[in-house]
Amino acid sequence: MIGCKLVPSQEIRVKKAFLCLDFLSFFPTPHIYTPNKGIFFFFQVGDPLRIQVLRSVIKRDRSRGAAALCAVKMSYGSSSLGSGTASARRPFEYGRTHVVRPKGKHQATIVWLHGLGDNGSSWSQLLETLPLPNIKWICPTAPTRPVAVFGGFPCTAWFDVGDLSEDGPEDTEGLDASAAHVANLLSTEPADIKVGVGGFSMGAATALYSATCCAHGKYGNGSPYPVNISAAVGLSGWLPSSKSLITKVENSQDAARRAASLPLLLCHGKSDDVVQYKHGEKSARVLNSTGFRNATFKTYDGLGHYTIPEEMDDVCKWLTAMLQLDGSRS
1 MIGCKLVPSQ
11 EIRVKKAFLC
21 LDFLSFFPTP
31 HIYTPNKGIF
41 FFFQVGDPLR
51 IQVLRSVIKR
61 DRSRGAAALC
71 AVKMSYGSSS
81 LGSGTASARR
91 PFEYGRTHVV
101 RPKGKHQATI
111 VWLHGLGDNG
121 SSWSQLLETL
131 PLPNIKWICP
141 TAPTRPVAVF
151 GGFPCTAWFD
161 VGDLSEDGPE
171 DTEGLDASAA
181 HVANLLSTEP
191 ADIKVGVGGF
201 SMGAATALYS
211 ATCCAHGKYG
221 NGSPYPVNIS
231 AAVGLSGWLP
241 SSKSLITKVE
251 NSQDAARRAA
261 SLPLLLCHGK
271 SDDVVQYKHG
281 EKSARVLNST
291 GFRNATFKTY
301 DGLGHYTIPE
311 EMDDVCKWLT
321 AMLQLDGSRS
(Lines of atoms letter the chains of each structure in order from A and count residues from 1; the text may use other names and numbers.)
(Lines give C-alpha, C1' and ligand atoms only; values in the text may rest on other atoms or scores of the structure.)
Protein backbone atom coordinates (compact mmCIF):
# COMPACT_ATOMS: atom_id res chain seq x y z
CA MET A 1 0.00 0.00 0.00
CA ILE A 2 1.06 3.57 -0.65
CA GLY A 3 -0.28 6.37 1.53
CA CYS A 4 -1.03 9.96 0.62
CA LYS A 5 -1.65 12.42 3.44
CA LEU A 6 -4.40 14.89 2.63
CA VAL A 7 -5.78 18.01 4.19
CA PRO A 8 -8.97 16.67 5.90
CA SER A 9 -11.33 19.10 4.18
CA GLN A 10 -10.09 17.95 0.78
CA GLU A 11 -10.51 14.20 1.39
CA ILE A 12 -13.74 13.69 -0.55
CA ARG A 13 -12.76 15.65 -3.65
CA VAL A 14 -9.33 14.01 -3.96
CA LYS A 15 -10.83 10.58 -3.41
CA LYS A 16 -13.19 11.22 -6.31
CA ALA A 17 -10.26 12.29 -8.47
CA PHE A 18 -8.53 8.99 -7.83
CA LEU A 19 -11.68 7.03 -8.63
CA CYS A 20 -12.26 8.93 -11.87
CA LEU A 21 -8.72 8.10 -12.99
CA ASP A 22 -9.37 4.41 -12.41
CA PHE A 23 -6.84 3.87 -9.65
CA LEU A 24 -8.75 0.86 -8.42
CA SER A 25 -6.83 -2.37 -8.73
CA PHE A 26 -8.67 -5.67 -8.96
CA PHE A 27 -8.69 -6.42 -5.25
CA PRO A 28 -9.07 -3.90 -2.43
CA THR A 29 -11.20 -0.80 -2.64
CA PRO A 30 -9.51 2.44 -1.60
CA HIS A 31 -10.27 3.40 1.96
CA ILE A 32 -9.62 6.21 4.39
CA TYR A 33 -7.66 5.66 7.58
CA THR A 34 -7.69 8.43 10.17
CA PRO A 35 -4.58 8.42 12.38
CA ASN A 36 -3.85 10.99 15.08
CA LYS A 37 -2.72 13.56 12.54
CA GLY A 38 -4.54 14.13 9.28
CA ILE A 39 -6.21 11.70 6.94
CA PHE A 40 -4.47 9.11 4.81
CA PHE A 41 -5.90 7.90 1.55
CA PHE A 42 -4.69 4.38 0.80
CA PHE A 43 -4.84 2.79 -2.62
CA GLN A 44 -3.54 -0.39 -4.19
CA VAL A 45 -0.68 0.13 -6.62
CA GLY A 46 -1.11 -1.93 -9.77
CA ASP A 47 1.87 -0.66 -11.72
CA PRO A 48 4.45 2.15 -11.84
CA LEU A 49 2.65 4.07 -14.56
CA ARG A 50 -0.23 4.63 -12.16
CA ILE A 51 2.12 6.50 -9.88
CA GLN A 52 3.11 8.75 -12.77
CA VAL A 53 -0.55 9.67 -13.23
CA LEU A 54 -0.91 10.07 -9.46
CA ARG A 55 2.01 12.48 -9.40
CA SER A 56 0.34 14.72 -11.98
CA VAL A 57 -2.96 14.63 -10.05
CA ILE A 58 -1.24 15.69 -6.87
CA LYS A 59 0.63 18.48 -8.66
CA ARG A 60 -2.64 19.85 -10.03
CA ASP A 61 -4.30 19.66 -6.63
CA ARG A 62 -1.34 21.27 -4.88
CA SER A 63 -1.40 24.17 -7.33
CA ARG A 64 -4.94 24.87 -6.14
CA GLY A 65 -3.94 24.43 -2.50
CA ALA A 66 -6.03 21.29 -2.27
CA ALA A 67 -3.68 18.60 -1.01
CA ALA A 68 -0.45 18.26 0.88
CA LEU A 69 1.72 15.50 -0.49
CA CYS A 70 3.35 13.30 2.09
CA ALA A 71 4.26 9.67 1.57
CA VAL A 72 4.03 9.65 -2.21
CA LYS A 73 6.71 12.29 -2.58
CA MET A 74 9.12 11.05 -5.22
CA SER A 75 12.33 12.25 -3.55
CA TYR A 76 12.84 9.30 -1.22
CA GLY A 77 16.39 7.97 -1.56
CA SER A 78 17.72 7.06 -4.98
CA SER A 79 17.66 4.04 -7.22
CA SER A 80 20.21 3.47 -9.97
CA LEU A 81 18.59 0.80 -12.06
CA GLY A 82 21.03 -1.74 -13.36
CA SER A 83 24.08 -0.03 -11.85
CA GLY A 84 24.40 -1.95 -8.61
CA THR A 85 26.74 -4.84 -8.00
CA ALA A 86 26.27 -7.94 -5.90
CA SER A 87 28.60 -6.55 -3.24
CA ALA A 88 27.05 -3.06 -3.26
CA ARG A 89 23.38 -4.01 -3.23
CA ARG A 90 22.02 -5.01 0.13
CA PRO A 91 20.00 -8.24 0.21
CA PHE A 92 16.25 -7.78 0.27
CA GLU A 93 14.00 -9.71 2.62
CA TYR A 94 10.94 -11.35 1.11
CA GLY A 95 7.60 -10.84 2.80
CA ARG A 96 5.03 -13.34 3.98
CA THR A 97 4.17 -16.31 1.79
CA HIS A 98 0.51 -17.37 1.61
CA VAL A 99 -0.34 -20.96 0.70
CA VAL A 100 -3.68 -22.21 -0.65
CA ARG A 101 -3.90 -25.96 -0.08
CA PRO A 102 -5.51 -28.17 -2.74
CA LYS A 103 -9.09 -29.14 -1.98
CA GLY A 104 -8.67 -32.46 -3.78
CA LYS A 105 -5.88 -34.76 -4.86
CA HIS A 106 -2.64 -32.79 -5.10
CA GLN A 107 -1.39 -32.94 -8.70
CA ALA A 108 0.30 -29.58 -9.29
CA THR A 109 1.86 -26.64 -7.45
CA ILE A 110 1.98 -23.13 -8.88
CA VAL A 111 3.82 -20.12 -7.50
CA TRP A 112 1.72 -17.02 -8.25
CA LEU A 113 3.38 -13.59 -8.18
CA HIS A 114 1.55 -10.34 -7.43
CA GLY A 115 2.01 -6.98 -9.12
CA LEU A 116 4.07 -3.98 -8.05
CA GLY A 117 3.10 -2.67 -4.61
CA ASP A 118 0.77 -5.58 -3.84
CA ASN A 119 1.28 -8.67 -1.65
CA GLY A 120 0.70 -12.40 -1.73
CA SER A 121 -2.48 -12.24 0.33
CA SER A 122 -4.50 -10.43 -2.36
CA TRP A 123 -4.12 -13.08 -5.03
CA SER A 124 -4.36 -16.01 -2.61
CA GLN A 125 -7.92 -14.93 -1.82
CA LEU A 126 -8.91 -15.05 -5.49
CA LEU A 127 -7.02 -18.25 -6.32
CA GLU A 128 -8.75 -20.06 -3.46
CA THR A 129 -12.09 -19.55 -5.22
CA LEU A 130 -11.05 -21.09 -8.55
CA PRO A 131 -12.45 -24.50 -9.55
CA LEU A 132 -9.00 -26.10 -9.54
CA PRO A 133 -9.06 -28.58 -6.62
CA ASN A 134 -5.82 -30.29 -7.65
CA ILE A 135 -3.56 -27.24 -7.48
CA LYS A 136 -1.61 -25.99 -4.49
CA TRP A 137 -1.00 -22.25 -4.82
CA ILE A 138 2.03 -20.57 -3.28
CA CYS A 139 1.69 -16.78 -3.15
CA PRO A 140 4.87 -15.09 -1.90
CA THR A 141 5.29 -11.39 -1.16
CA ALA A 142 8.06 -9.48 -2.91
CA PRO A 143 10.72 -7.58 -0.95
CA THR A 144 10.23 -3.90 -0.21
CA ARG A 145 12.89 -2.10 -2.21
CA PRO A 146 13.56 1.28 -3.83
CA VAL A 147 12.01 1.42 -7.31
CA ALA A 148 13.50 3.65 -10.00
CA VAL A 149 10.19 4.61 -11.59
CA PHE A 150 9.12 6.04 -8.20
CA GLY A 151 12.32 8.06 -7.92
CA GLY A 152 13.66 5.57 -5.38
CA PHE A 153 10.52 5.38 -3.24
CA PRO A 154 10.33 1.84 -1.75
CA CYS A 155 7.50 -0.61 -2.29
CA THR A 156 7.10 -4.34 -2.82
CA ALA A 157 8.70 -5.23 -6.15
CA TRP A 158 10.19 -8.37 -7.70
CA PHE A 159 12.89 -6.30 -9.41
CA ASP A 160 13.74 -2.68 -10.09
CA VAL A 161 12.03 -1.06 -13.06
CA GLY A 162 12.53 2.28 -14.75
CA ASP A 163 9.89 1.98 -17.45
CA LEU A 164 8.21 -0.61 -19.63
CA SER A 165 10.09 0.28 -22.78
CA GLU A 166 12.04 -2.44 -24.55
CA ASP A 167 14.94 0.04 -24.57
CA GLY A 168 14.88 0.48 -20.80
CA PRO A 169 17.65 -0.97 -18.59
CA GLU A 170 17.11 -4.46 -17.17
CA ASP A 171 17.62 -5.32 -13.52
CA THR A 172 19.04 -8.78 -14.26
CA GLU A 173 20.29 -9.17 -10.70
CA GLY A 174 16.82 -8.49 -9.28
CA LEU A 175 15.16 -10.75 -11.86
CA ASP A 176 17.59 -13.57 -11.08
CA ALA A 177 17.00 -13.18 -7.35
CA SER A 178 13.23 -13.41 -7.72
CA ALA A 179 13.46 -16.29 -10.20
CA ALA A 180 15.67 -18.09 -7.68
CA HIS A 181 13.10 -17.43 -4.95
CA VAL A 182 10.41 -19.01 -7.14
CA ALA A 183 12.66 -22.00 -7.83
CA ASN A 184 13.39 -22.42 -4.11
CA LEU A 185 9.68 -22.44 -3.30
CA LEU A 186 9.09 -25.15 -5.90
CA SER A 187 12.17 -27.23 -5.15
CA THR A 188 10.65 -28.91 -2.09
CA GLU A 189 7.57 -30.22 -3.93
CA PRO A 190 7.31 -34.02 -4.36
CA ALA A 191 8.80 -35.47 -7.54
CA ASP A 192 5.40 -36.60 -8.88
CA ILE A 193 3.90 -33.09 -8.60
CA LYS A 194 3.97 -30.84 -11.67
CA VAL A 195 5.14 -27.32 -10.94
CA GLY A 196 4.42 -24.01 -12.61
CA VAL A 197 4.64 -20.25 -12.19
CA GLY A 198 2.25 -17.41 -12.96
CA GLY A 199 1.60 -13.80 -12.12
CA PHE A 200 0.00 -10.45 -12.81
CA SER A 201 1.73 -7.34 -14.23
CA MET A 202 5.26 -7.25 -12.74
CA GLY A 203 4.53 -10.73 -11.35
CA ALA A 204 3.75 -11.88 -14.90
CA ALA A 205 7.07 -10.44 -16.09
CA THR A 206 8.89 -12.38 -13.36
CA ALA A 207 6.97 -15.56 -14.20
CA LEU A 208 7.85 -15.29 -17.89
CA TYR A 209 11.47 -14.58 -17.02
CA SER A 210 11.50 -17.72 -14.83
CA ALA A 211 10.08 -19.72 -17.74
CA THR A 212 12.81 -18.50 -20.09
CA CYS A 213 15.45 -19.34 -17.47
CA CYS A 214 13.97 -22.84 -17.27
CA ALA A 215 14.16 -23.21 -21.06
CA HIS A 216 17.69 -21.84 -21.21
CA GLY A 217 18.72 -23.97 -18.23
CA LYS A 218 20.43 -20.98 -16.65
CA TYR A 219 19.72 -17.74 -14.85
CA GLY A 220 20.80 -14.50 -16.46
CA ASN A 221 24.07 -14.64 -14.50
CA GLY A 222 24.91 -18.09 -15.90
CA SER A 223 24.11 -20.17 -12.81
CA PRO A 224 22.14 -23.38 -13.48
CA TYR A 225 18.35 -23.16 -13.19
CA PRO A 226 17.31 -26.09 -10.96
CA VAL A 227 13.57 -26.61 -11.57
CA ASN A 228 11.62 -28.16 -14.45
CA ILE A 229 8.63 -25.86 -14.94
CA SER A 230 5.60 -27.53 -16.55
CA ALA A 231 3.58 -24.38 -17.34
CA ALA A 232 3.74 -20.59 -17.00
CA VAL A 233 0.99 -17.94 -17.04
CA GLY A 234 1.35 -14.17 -17.45
CA LEU A 235 -1.60 -11.77 -17.08
CA SER A 236 -1.22 -8.12 -18.17
CA GLY A 237 2.56 -8.37 -18.19
CA TRP A 238 5.61 -8.21 -20.42
CA LEU A 239 8.72 -10.23 -21.22
CA PRO A 240 11.94 -8.94 -19.61
CA SER A 241 15.32 -9.46 -21.29
CA SER A 242 13.64 -10.21 -24.60
CA LYS A 243 16.58 -8.95 -26.69
CA SER A 244 18.95 -11.68 -25.47
CA LEU A 245 16.40 -14.49 -25.60
CA ILE A 246 16.95 -15.55 -29.21
CA THR A 247 20.71 -15.96 -28.63
CA LYS A 248 20.16 -18.06 -25.52
CA VAL A 249 17.76 -20.45 -27.28
CA GLU A 250 19.48 -20.71 -30.66
CA ASN A 251 22.89 -21.47 -29.14
CA SER A 252 21.71 -24.63 -27.37
CA GLN A 253 19.81 -27.60 -28.76
CA ASP A 254 18.64 -28.50 -25.25
CA ALA A 255 17.34 -24.97 -24.73
CA ALA A 256 15.52 -25.05 -28.08
CA ARG A 257 13.94 -28.38 -27.19
CA ARG A 258 12.79 -27.17 -23.77
CA ALA A 259 11.45 -23.91 -25.24
CA ALA A 260 9.42 -25.75 -27.87
CA SER A 261 7.74 -27.99 -25.29
CA LEU A 262 7.08 -25.46 -22.49
CA PRO A 263 3.40 -24.36 -22.38
CA LEU A 264 2.99 -20.60 -21.89
CA LEU A 265 -0.22 -18.58 -21.59
CA LEU A 266 -0.17 -14.81 -21.99
CA CYS A 267 -3.38 -12.83 -21.50
CA HIS A 268 -3.79 -9.10 -22.07
CA GLY A 269 -6.59 -6.57 -22.18
CA LYS A 270 -6.76 -4.34 -25.25
CA SER A 271 -7.71 -1.35 -23.06
CA ASP A 272 -4.82 -1.77 -20.61
CA ASP A 273 -3.48 1.76 -20.03
CA VAL A 274 -0.84 0.66 -17.52
CA VAL A 275 1.07 -2.15 -19.21
CA GLN A 276 -0.06 -1.28 -22.70
CA TYR A 277 -1.46 -3.98 -24.95
CA LYS A 278 1.40 -3.56 -27.42
CA HIS A 279 3.87 -4.79 -24.80
CA GLY A 280 1.93 -8.00 -24.24
CA GLU A 281 1.51 -8.51 -27.97
CA LYS A 282 5.22 -7.98 -28.63
CA SER A 283 6.15 -10.37 -25.79
CA ALA A 284 4.02 -13.11 -27.34
CA ARG A 285 5.52 -12.44 -30.76
CA VAL A 286 9.09 -12.60 -29.42
CA LEU A 287 8.39 -15.87 -27.59
CA ASN A 288 6.92 -17.47 -30.71
CA SER A 289 9.77 -16.28 -32.92
CA THR A 290 12.41 -17.63 -30.52
CA GLY A 291 11.10 -21.17 -30.49
CA PHE A 292 8.43 -21.15 -27.78
CA ARG A 293 5.95 -22.85 -30.09
CA ASN A 294 3.57 -23.76 -27.28
CA ALA A 295 2.91 -20.12 -26.32
CA THR A 296 -0.72 -18.95 -26.44
CA PHE A 297 -1.75 -15.27 -26.51
CA LYS A 298 -5.32 -14.43 -25.52
CA THR A 299 -6.77 -10.93 -25.76
CA TYR A 300 -9.83 -9.28 -24.23
CA ASP A 301 -11.70 -6.32 -25.70
CA GLY A 302 -12.36 -3.55 -23.20
CA LEU A 303 -10.21 -5.09 -20.44
CA GLY A 304 -7.94 -2.70 -18.56
CA HIS A 305 -5.20 -3.45 -16.05
CA TYR A 306 -7.14 -5.96 -13.96
CA THR A 307 -8.65 -9.39 -14.38
CA ILE A 308 -12.21 -10.54 -15.07
CA PRO A 309 -14.06 -13.87 -14.68
CA GLU A 310 -13.78 -14.60 -18.42
CA GLU A 311 -9.99 -14.36 -18.24
CA MET A 312 -9.75 -16.48 -15.11
CA ASP A 313 -12.03 -19.08 -16.71
CA ASP A 314 -9.60 -19.28 -19.62
CA VAL A 315 -6.70 -19.68 -17.18
CA CYS A 316 -8.51 -22.53 -15.39
CA LYS A 317 -9.28 -24.37 -18.64
CA TRP A 318 -5.76 -23.92 -19.92
CA LEU A 319 -4.11 -25.13 -16.69
CA THR A 320 -6.43 -28.13 -16.52
CA ALA A 321 -5.47 -29.14 -20.06
CA MET A 322 -1.73 -28.38 -19.90
CA LEU A 323 -1.18 -29.97 -16.47
CA GLN A 324 -3.62 -32.83 -17.21
CA LEU A 325 -5.59 -32.24 -14.01
CA ASP A 326 -8.44 -34.68 -13.43
CA GLY A 327 -10.50 -32.51 -11.07
CA SER A 328 -10.67 -35.24 -8.43
CA ARG A 329 -11.41 -34.20 -4.88
CA SER A 330 -10.00 -37.24 -3.13
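Using the working numbering, the letters of the sequence shown correspond one by one to residues 1 to 330. For every residue, glycine included, the Cβ atom is placed at its ideal position computed from N, Cα and C.
From Ile110 to Ile138, what distance separates their C-alpha atoms? Here residue 110 refers to the residue found at position 110 of the sequence shown. Here residue 138 refers to the residue found at position 138 of the sequence shown. Going by the C-alpha atoms only, they are around 6 Å apart.
So, for Ser242: in the same chain, excluding its five sequence neighbours on each side, which residues have a beta-carbon less than 6 Å away from its beta-carbon? Residue mapping note: residue 242 aligns to position 242 of the sequence shown, counting from 1. Counting only Cβ-Cβ distances below 6 Å, and skipping sequence neighbours, we find Val286.
What is the rounded straight-line gap between the Cα of Ala211 and the Cα of Asp176? Residue mapping note: residue 211 aligns to position 211 of the sequence shown, counting from 1. Residue mapping note: residue 176 aligns to position 176 of the sequence shown, counting from 1. So the alpha carbons of these two residues sit roughly 12 Å apart.
CA-to-CA distance, Ala260 to Leu245, given in whole angstroms: Here residue 245 refers to the residue found at position 245 of the sequence shown. Here residue 260 refers to the residue found at position 260 of the sequence shown. Going from the Cα of Leu245 to the Cα of Ala260 covers about 13 Å.
Touching or not, the region 300-318 and the region 90-110, by the rule of three or more beta carbon pairs under 8 Å? no
In this structure, how does DSSP classify Arg96 when only helix, strand and coil are distinguished? Along the sequence shown, one-based indexing puts residue 96 at 96. If DSSP states are grouped into helix, strand and coil, Arg96 belongs with coil.
Short check: CB of Ala207 to CB of Gly234, under 8 Å? For the purposes of this step, residue 207 is taken as the residue at position 207 of the sequence shown. For the purposes of this step, residue 234 is taken as the residue at position 234 of the sequence shown. Against a cut-off of 8 Å, the Cβ pair of Gly234 and Ala207 comes out as a contact.
DSSP three-state assignment for Thr206, whether helix, strand or coil: Counting from one through the sequence shown, the residue named residue 206 turns up at place 206. Here Thr206 sits in helix by DSSP.
Among the candidates Ile193, Gly151, Val227 and Ala205, whose CA atom is the shortest distance from the CA of Asn184? Walking along the sequence shown from the start, residue 184 turns up at place 184. Nearest of Ile193, Gly151, Val227 and Ala205 to Asn184, Cα basis: Val227.
Would you kindly report the start and end of the unbroken alpha helix (DSSP H) that includes Thr298? The sequence position of residue 298 within the sequence shown is 298, counting from 1. For clarity, residue 298 is Lys in the given sequence; the question names Thr instead. Per DSSP, Lys298 belongs to no alpha helix (DSSP H); it is in the beta strand (DSSP E), Ala295 to Tyr300.
For Lys194, which residues of its own chain have a beta-carbon under 7 Å away from its beta-carbon, when the five flanking residues on both sides are left out? One-based indexing of the sequence shown puts residue 194 at position 194. If we look at Lys194 and ignore the five residues flanking it on each side, its Cβ neighbours are Gln107, Ala108, Ser230 and Leu323.
Identify which residue in Lys317, Lys270, Glu173 and Asp301 has its Cα closest to the Cα of Pro240. As a first step, residue 240 is located in the sequence shown; it is residue number 240 there, counting from the start. Pro240 has its Cα closest to that of Glu173, out of Lys317, Lys270, Glu173 and Asp301.
How long is the line joining the alpha carbons of Lys105 and Ala179, rounded to whole angstroms? To locate residue 105, count along the sequence shown from 1; it is residue 105. To locate residue 179, count along the sequence shown from 1; it is residue 179. Their backbone Cα atoms lie some 27 Å apart in a straight line.
How far does the alpha helix (DSSP H) with Leu245 in it extend, from its first residue to its last? Stepping through the sequence shown from its first residue, residue 245 is reached at position 245. Its alpha helix (DSSP H) spans residues Leu245 to Glu250.
Which residue or residues does DSSP assign as beta-bridge partners of Val274? For the purposes of this step, residue 274 is identified with residue 274 of the sequence shown, where counting begins at 1. In DSSP, Val274 forms no bridge with anything.
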